[in-house]
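To start, the structure itself, in structure tokens.
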């Protein structure tokens, strides 16, 4: 069943995610007008020039006039300020959703500032992205086959949740639902912590006196392990701040794992090390076969 | 200056590295006969069938008769036993080299068992590999543009070091020299530790009650961060055991870095986190531009 087109879509934060959502709905013939709003006038002008948005709004009053759907897609640290600023201008029927990598803080902002609007404020998180950021990298096909996690509120009207789900499905995405607490714990483990660990390794090496020498001999294993250390610092600062309790819990769990491996190394426990490595390898290979078109396979190249 | 062909090359451990060395020298017209030796008869037969080796030797006496060059390319944990076993059958002029990812243990084995042969026993480490292992994955082009680190002994005859260097150069490799201590410290930092960290993360998640759920939401950042967790457990067990002191030192350094980041998270220190992330990103991007044809770029996709 095809969902009906959005008359006016407002995208706050026209970067990779917001821009791709706009382009995907345009490609599907499911949006008549896209209005961009954001803190950077320059990036709104680029989005306009690229046809990602049809119009840039000067303020929330202008942006929200006649808006049917609003997607919040700026770094998660801005959520509360943005929700607070938009709230007074929101018409009763406008559907609000977001694309933040963390959910508890988004929900807190909704409860704080959208108290009368909770029927139509549906938190979401598309598990998609690319190496690039900014609206120049926006791509109508970005969400094809990717998961979008919705964490609906008890107050949400079922029709609003369905509408958000259908719009993402029209972008090619697969919908999952979770509680916000569960969402934030799961992504702390499989996404936020790995980012922190990769940043930590590169930072550690880069600050050494012999950093030049170390980097000269780093090869393909290092390349892949640290690829996410080139991620956007502000975005990841925000994720770390808003989800810091779950990330700390995951970090502490990981430190226990490292303490265990450290003991195996200290005691030169070959069978113990091989068992850990073999279990990890089996789990990684099973994951690769099941969840990704893992063209590059797994394994070392050093 | 083209180096002269090797009359008879012996490869111990005909896997990805040993097999690729044989194929590369064959492709360059620089070897007349390749003799394989190893603990697995089945893998020697596959290497024979694939034309990676010309003959499989039943024992070291047979393998070393008339051998001009020997490459040791089995997992590093076998080095001492292999060197001990070959020593009695080694003719005075035969050149011995190796491809181990660690060097101090190889040198210890040379000093222990090749006391009269040190002029011609040259330790080396090709920084190359691929996702696959085994002689089926052997590839004549594997070493093109890759570094090979030699860690010559004071006892080495300059002509022997030059000969080893020229053979690797004929495979397309770039030669570097380092002390074995420096080699083992550098690779503990940029290769061995990242492997341990990736194994640790996957092992940690795989052992949880909700492992299925966690893996379901893992995406591209996790894929690349953990690719090396699919590496060969025996090979990495051996590397961890023989280089455990350097790896422990690197692990402890990394644990200090994580303690620092943990403190930033605990205190919700946004500027501090952003500074670490921004420094890491700058270093990772500079590395990507300088050292790799980093087609995939860096950055997050979550």
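Chains as they are written, first to last, in the numbering used here: chain A, 29 to 330; chain B, 29 to 330.
C-beta atoms are modelled at their ideal positions from N, C-alpha and C, and glycine is treated no differently.
Please read these numbers as outputs of a predicted model, since none were measured by experiment.
1) Which residues mark the beginning and the end of the beta strand (DSSP E) in which residue 191 of chain A is found?
2) Starting from the C-beta of residue 141 of chain A, find all residues in its chain whose C-beta is less than 6 Å away, skip the five residues before and the five after it, and write them out in chain order.
3) Check whether the region 158–176 of chain B touches the region 36–55 of chain B, counting contact only when three or more Cβ pairs, one atom from each stretch, lie closer than 8 Å.
4) Look up residue 65 of chain A in the DSSP assignment and say whether it is helix, strand or coil.
5) Quick check on residue 32 of chain B: buried or exposed, where buried means 16 or more other Cβ atoms within 10 Å of its Cβ?
6) Identify every run of the beta strand (DSSP E) within the region 144–172 of chain A, keeping only runs that are complete inside it and at least 3 residues long; order them along the chain.
7) Inspect the beta-carbon positions of residue 283 of chain A and residue 233 of chain B and report whether they are closer than 8 Å.
8) According to DSSP, simplified to helix, strand and coil, what is residue 35 of chain B?
9) Could you have a look at residue 328 of chain A and say whether DSSP puts it in helix, strand or coil?
10) Could you please give the first and the last residue of the uninterrupted beta strand (DSSP E) stretch that includes residue 125 of chain A?
11) Residue 278 of chain B and residue 217 of chain B: beta carbons closer than 8 Å?
12) Would you say residue 267 of chain B and residue 104 of chain B are within 8 Å of each other, going by their C-beta atoms?
13) Taking 8 Å as the threshold (beta carbon to beta carbon), is residue 262 of chain A in contact with chain B?
14) Where does residue 296 of chain A land, buried or exposed, given buried means 16+ other C-beta within 10 angstroms?
15) Hey, is residue 207 of chain A's beta-carbon within less than 8 Å of any beta-carbon in chain C?
16) Starting from the N-terminal side, write out each stretch of the beta strand (DSSP E) that is 3 residues or longer and does not extend beyond the region 258–326 of chain A.
17) When you compare only the Cα positions, how much space is there between residue 325 of chain B and residue 183 of chain B?
18) From residue 81 of chain B to residue 136 of chain B, what distance separates their C-alpha atoms?
19) Using 10 angstroms around the beta-carbon of residue 226 of chain B, count the other beta-carbons present and answer buried if the total reaches 16, otherwise exposed.
20) With a threshold of 8 Å between beta-carbons, can residue 307 of chain A be considered close to chain B, or not?
21) Comparing alpha-carbon positions, which option in B:210, B:229, B:211 and B:92 lies nearest residue 219 of chain A?
22) State yes or no: is the beta carbon of residue 102 of chain A nearer than 8 Å to at least one beta carbon in chain B?
23) Measuring CA to CA, which of A:200, A:132, A:144 and A:187 is closest to residue 154 of chain A?
24) If you follow the alpha helix (DSSP H) that residue 213 of chain A is part of, which residue opens it and which one closes it?
25) Measure the C-alpha to C-alpha separation of residue 265 of chain A and residue 293 of chain B and round it to an integer number of angstroms.
26) Taking only beta-carbon positions, decide if residue 313 of chain A is within less than 8 Å of chain B.
27) Which word fits residue 259 of chain B, buried or exposed, when buried means at least 16 other C-beta atoms lie within 10 angstroms of its C-beta?
28) If the cut is a Cβ gap below 9 Å, which residues of chain A does residue 200 of chain B touch?
29) CB-CB under 7 Å to residue 163 of chain A, same chain, minus the five flanking residues each way: which ones, in chain order?
30) Answer with buried or exposed for residue 188 of chain A, where buried requires no fewer than 16 other C-beta atoms within 10 angstroms of its C-beta.
31) Can you tell which of B:246, B:125, B:315 and B:133 has its C-alpha closest to the C-alpha of residue 45 of chain B?
32) Identify, in the order they occur along the chain, each residue of the same chain with its Cβ nearer than 8 Å to the Cβ of residue 262 of chain A, setting aside the five sequence neighbours on each side.
33) With 9 Å as the limit, tell me which residues of the region 216–232 of chain B have their beta carbon closer than that to any beta carbon of chain A; keep them in chain order.
34) Determine the chain B residues that contact residue 252 of chain A at a beta-carbon separation under 8 Å, and present them in chain order.
35) With 16 as the cutoff for other CB atoms within 10 Å, does residue 131 of chain B come out buried or exposed?
36) Just verifying my parser: in three-state terms, what is the DSSP assignment at residue 97 of chain B?
Quick answer:
1) Premise fails: residue 191 of chain A lies in the alpha helix (DSSP H), 186–198, not in any beta strand (DSSP E).
2) 111, 112 and 115
3) yes
4) The answer is strand: DSSP assigns residue 65 of chain A an E or B state.
5) exposed
6) 152–154, all fully within the region 144–172 of chain A.
7) no
8) strand
9) With a pLDDT of 48 at residue 328 of chain A, under the threshold of 50, the predicted position of this residue should be treated as unreliable, and no value is reported.
10) 123–126
11) yes
12) yes
13) yes
14) exposed
15) Here the protein chains are A and B, and chain C is not one of them.
16) none
17) Legend: pLDDT at residue 325 of chain B = 47, less than 50; position of this residue unreliable, value from coordinates given subsequently. Distance between residue 325 of chain B and residue 183 of chain B, taken at the CA atoms: about 44 Å.
18) 29 Å
19) With a 10 Å radius around the Cβ and a threshold of 16 neighbouring Cβ atoms, residue 226 of chain B comes out buried.
20) yes
21) B:229
22) Not an interface residue.
23) With distances taken between CA atoms, residue 154 of chain A lies nearest to A:200 out of A:200, A:132, A:144 and A:187.
24) 208–215
25) 10 Å
26) Cβ-Cβ to chain B under 8 Å: yes for residue 313 of chain A.
27) buried
28) None at all; the shortest Cβ gap to chain A is about 15 Å.
29) So the qualifying residues of the chain are 42, 43, 47, 71, 74, 75, 78 and 80.
30) Flag for residue 188 of chain A reads buried.
31) B:125
32) 103 and 105
33) 217, 218, 219, 220, 221, 222, 223, 224, 225, 226, 227, 228, 229, 230, 231 and 232
34) 252, 253, 255 and 256
35) Buried, since its Cβ has 16 or more Cβ neighbours within 10 Å.
36) strand
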